[in-house]
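Residue numbers (my numbering): 67 to 148. No residue lacks a Cβ here, since even glycine has one placed at the ideal position from N, Cα and C. Take a look at the structure set out below.
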Amino acid sequence: MDNGIPQNLIDRINELAKKKKATGLTVKEQEEQKRLRATYLSMFRENFRSQVEMLQVYDKDGKEVTPDKVKNIQRKRGLRDD
Numbered sequence: 067m068d069n070g071i072p073q074n075l076i077d078r079i080n081e082l083a084k085k086k087k088a089t090g091l092t093v094k095e096q097e098e099q100k101r102l103r104a105t106y107l108s109m110f111r112e113n114f115r116s117q118v119e120m121l122q123v124y125d126k127d128g129k130e131v132t133p134d135k136v137k138n139i140q141r142k143r144g145l146r147d148d
């Protein structure tokens, strides 16, 4: 599944996590780990926000019940005609 986060970023985060458990990290590596995690979280949040903003919700009768807040965001982005 493509989550929009580069695989090399995830690989490096995992590599540092394994090293931290095995032998510990240098100060420079700790700083890198903190920076990479912040980057990952930022990208994850943006991707998640984008997915939620594209969401349309329907009840069991087929009537759209998408929250107004999401509808307004979709209108601003030109994703809705109504």
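- Its chain contains LEU75, ARG78, ILE79, LEU82 as the residues whose beta carbon lies nearer than 8 Å to that of LEU102, once the 5 sequence neighbours on both sides are disregarded; these appear in chain order.
- Taking C-alpha positions only, VAL118 is separated from ASP127 by approximately 22 Å.
- Here the C-alpha atom of LYS142 lies approximately 11 Å from the C-alpha atom of ASP148.
- In this structure, the straight-line span from the alpha carbon of TYR124 to that of LEU145 is close to 17 Å.
- Pairing LEU107 with ILE71, the inter-Cα distance amounts to about 10 Å.
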